[in-house]
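Heads up: the protein sequence lines correspond to chains A and X, in order. Numbering follows the numbering used here, in which position 17 of the first sequence is assigned residue number 17; successive positions increment by one, without gaps. Numbering follows the numbering used here, in which position 52 of the second sequence is assigned residue number 52; successive positions increment by one, without gaps. What follows is a single structure, written as C-alpha cells, with notes after it.
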Amino acid sequence: EAAVTQSPRNKVAVTGGKVTLSCNQTNNHNNMYWYRQDTGHGLRLIHYSYGAGSTEKGDIPDGYKASRPSQENFSLILELATPSQTSVYFCASGDRAGSYEQYFGPGTRLTVL
Amino acid sequence: TQTVSQSDAHVTVFEGDSVELRCNYSYGGSIYLSWYIQHHGRGLQFLLKYYSGNPVVQGVNGFKAEFSKSDSSFHLRKASVHWSDSAVYFCAVSAASSGSWQLIFGSGTQLTVMP
C-alpha cells in the first residue's frame, strides 16, 4: 500500500526561527506536494516537485522554500517562521500520469508562537 | 482558472439516512473531478474520480458521484450512511491543460452521522 510519512507530527516554533518539515514516500511517485490546511480554506498548494532536484511554486509560496534531494524525500522549509504560518501541513505524492489521485501523509501540526 | 465550490460547510444526518454532498466547479475544458475523505486528525484519502464516460462513478464503501456538465456539478451520494462515514469530504478538480496536474480543492463539507 502507498505510504507517505511526515515528521515531526507536531512542532512548536518561535517567531523568527527556522523550521523544516520532512516528508518521505515509498510509492516511487515522481510528483510530490506540500499543502497547508486552514479552517475555511480547504487545502492550499505551497510547493510541488516533479522529481529529484525539482521544485516549483504553488499558489501560496511566499515565506516557504522546498527541497527535493531524492525521489523519496521532499522538505518544506520556513526560514523565518511567523505566527501566520501556524497551520496543519500535508505532504502528498502522485504519479505523473495520474496525479489527480494523490496519496497524503498524516499531517504536521505547526504552531508558531 | 478553475474553481471548486462546496456550498455546505456542515451536513448532519442520522445513521441509515441517505446523503448528498454538493460540489460545483467552474472550468470550460477537460478536467478530472475527484472526491477525498479526511477523518479527524488524518490525511486525505482518495475516494473516487471522473474524467469521461459513464457520468456515475462508484467509489468505496457505497459512495458514488454523478457528473453533470450542464450543471457543472459532481455531487457525492450515499444511500445509507454509517456512523463511521463522519468525516470531512473534499471535492477537487484537476485540469488537463494545466500541465502540472495540480489539484484545486474545495473548502470541504463536514459530514456528521448521528446514531
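We treat Cβ as the ideally placed atom computed from N, Cα and C, and that holds for glycine.
Taking 8 angstroms as the threshold (C-beta atoms), are residue j and residue i in contact?
i, j, result
"X:Leu21", "X:Ser34", "no"
"X:Ala65", "X:Arg77", "yes"
"X:Phe90", "X:Gln58", "no"
"A:His41", "X:Ser107", "yes"
"X:Tyr32", "X:Ser94", "yes"
"A:Gly58", "A:Tyr48", "yes"
"X:Leu103", "A:Tyr50", "no"
"X:Asp8", "X:Thr112", "no"
"X:Gln119", "X:Tyr25", "Missing from the structure shown is residue 119 of chain X; chain X here goes from 1 to 115 and no further."
"X:Phe63", "X:Tyr50", "no"
"A:Ser93", "A:Asp38", "no"
Identify the continuous beta strand (DSSP E) that holds residue i and give its terminal residues.
i, result
"A:Lys18", "Segment: none, A:Lys18 is in no beta strand (DSSP E) and carries neither H nor E."
"X:Cys23", "Unbroken run through X:Cys23: none, as it is neither H nor E."
"X:Glu66", "Lys64 to Ser68"
"A:Asp38", "Asn31 to Asp38"
"X:Val57", "Val56 to Gln58"
"A:Gly42", "Gly42 to Ser49"
"A:Gln6", "Val4 to Ser7"
"X:Val81", "No beta strand (DSSP E) holds X:Val81; DSSP gives it neither H nor E."
"A:Leu78", "Asn73 to Leu78"
"X:Leu47", "Gln45 to Tyr50"
Quick test of your reading: residue i and residue j, contact by CB under 8 angstroms. State the CB separation rounded to the nearest angstrom.
i, j, result
"X:Ser18", "X:Ala79", "5 angstroms"
"A:Asn15", "A:Val112", "With the sequence shown as reference, residue 15 of chain A is identified as Thr, and Asn is not the correct amino acid for it. Yes, they are in contact, since the Cβ atoms of A:Thr15 and A:Val112 sit about 6 angstroms apart, within 8 angstroms."
"A:Tyr89", "A:Trp34", "7 angstroms"
"X:Phe105", "X:Cys23", "About 10 angstroms; that fails the 8 angstroms criterion."
Under 8 angstroms Cβ-Cβ, which residues of chain X neighbour residue i?
i, result
"A:Glu72", "Within 8 angstroms Cβ-Cβ: nothing; A:Glu72 doesn't reach chain X, min ~17 angstroms."
Using the beta-carbon of each residue, which ones in chain A are nearer than 7 angstroms to residue i?
i, result
"X:Gly108", "Gly42"
"X:Tyr89", "Ordered by position in chain A, no residue passes the 7 angstroms Cβ test against X:Tyr89, which lies about 11 angstroms from the chain."
Quick one: list the residues of chain X neighbouring residue i, beta-carbon separation under 9 angstroms, in chain order.
i, result
"A:Gly105", "Gly43"
Would you mind telling me which residues of chain X sit closer than 7 angstroms to residue i, beta carbon to beta carbon, in chain order?
i, result
"A:Tyr100", "Tyr32, Ser34, Lys49, Ser94, Trp101 and Leu103"
"A:Leu45", "Gln102"
Identify the contact partners of residue i in chain A, using a Cβ-Cβ distance below 8 angstroms as the criterion.
i, result
"X:Phe46", "Glu101, Gln102 and Tyr103"
So is the beta-carbon of residue i under 7 angstroms away from any non-hydrogen atom of the ligand SAH?
i, result
"X:Ser68", "By its list of ligands, the structure shown contains no ligand whatsoever, and the ligand SAH lies outside what it can speak to."
request  = May I ask you to verify whether the region 27-38 of chain A touches the region 66-82 of chain A, counting CB pairs closer than 8 angstroms and requiring at least 3?
outcome  = yes
ask   = Hey, is the region 1-13 of chain A in contact with the region 98-110 of chain A, meaning 3+ C-beta pairs nearer than 8 angstroms?
value = yes
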